[in-house]
Structure formats: structure tokens, C-alpha cells
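For reference, the structure discussed in these notes is given below.
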Amino acid sequence: MTTLRAFTCDDLFRFNNINLDPLTETYGIPFYLQYLAHWPEYFIVAEAPGGELMGYSAAVLMLFMFTVMGKAEGSVAREEWHGHVTALSVAPEFRRLGLAAKLMDLLEEISEKKGGFFVDLFVRVSNQVAVNMYKQLGYSVYRTVLEYYSASSGEPDEDAYDMRKALSRDTEKKSVIPLPHPVRPEDIE
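If you're matching positions, the sequence shown starts at 1 in the UniProt record's numbering and goes up one per residue.
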């Protein structure tokens, strides 16, 4: 039976099987520790019965929020307080089992409890598997962010979709009305 539990510092030494996927954004240990210290409720790991890590999510609730890995940020006054999915990754051998959907559900529940207006995430435009999964989970493309992801080995930088899902606090669904034009990373609050 799969166990969903809080991410711990020890997991930093156990999640390479998940992080080595080429579509997974990886960060330095201080970055993960910052999320773990500031938004532990948004850092969740899925563990298989044998103890191997199956996936994680991280998010933040943004006052403007999962591990999944995320946070909360944004402004309540401007109805931008939201959950932000920083990372969602499932090890290849555990994909197509519904783990990503379960981790996203947990993130959305946490964001609801914290009074968020929406949950957002960034995904590579080329990652159509992920884009389609998020659409099936109720997310829509809010805007395109030009050259959001840095390329390696001389290739051009890659655009991202900023995808959003309105939460119950956003009764008029204002947070998911798509922008008519793309933006640059420096234009993101």
C-alpha cells in the first residue's frame, strides 16, 4: 500500500530515482531545505511498501502554494493569494497509477484550507503529457511565459505555460481568465 507522508531531510538522499528524469526540474539542497522549513505542509512524498520513494510534490501558498513541492504567495487584497506547485514528479516505474493526481488533490486541499483563490504551476510547453494531465485535473492555460526554462548545450530557452485552477474562494473564476498575450519571466510577480 502506498503511503503519503511529509517529506523529511533524509528523503533528500533517497529521491534521485525521481529527480533524474529529464523533465523534472532539480534544485540544490538549500532550495529543498528552504521549502521544507517554510512550507512543510506542502512537501509530500509517496512511499512504496518496500520503502522506495515513488514520487513527491512541493508547493507553496502564495499571497498573491505541495511534494509535490510548493508554497503560498500573493496578495489577498488583489485576490492573488494562491497555492503554487513548485515541483511534481513521479518515478518512471510508478507512473500511470494516479499518484500525481492524488498529490495534486492534497495540494489543492491545503490551498483551500489556507484560503487560496487558485493553484498555479509552470510546465514546459513541450511537455504535452504533463499539460494534458493538468487539463484533465481541471487546470487551464492562464498565460504563456516566454523563455521561462533555461536551455542547456546551446539550445534556445523554452517557453512555459502558467496553468491555473480556481478554488472555491474565487467564486467568479477571475483568476483563470486567460491573458491575451505572452509575458516574460521578469513580468511575473
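Glycine included, every Cβ here is placed at the ideal spot set by N, Cα and C.
DSSP places M163 in the strand class (E or B) of the three-state scheme. For L146, the enclosing beta strand (DSSP E) has its first and last residue at 140-149. Minimum Cα-Cα distance from D162 among the listed residues G138, G115, R14, R124 corresponds to R124. Under the Cβ criterion (8 Å, minimum of three pairs), the segment 172-179 does not count as touching the segment 89-98. Rounded to whole angstroms, P178 and Y142 show a C-alpha spacing of 4 Å. Residue environment analysis places K165 among the buried positions, since at least 16 neighbouring C-beta atoms fall within 10 angstroms of its C-beta. E155 and S89 have their C-alpha atoms roughly 24 Å apart. The straight-line gap separating the alpha-carbon atoms of K135 and T8 is approximately 30 Å.
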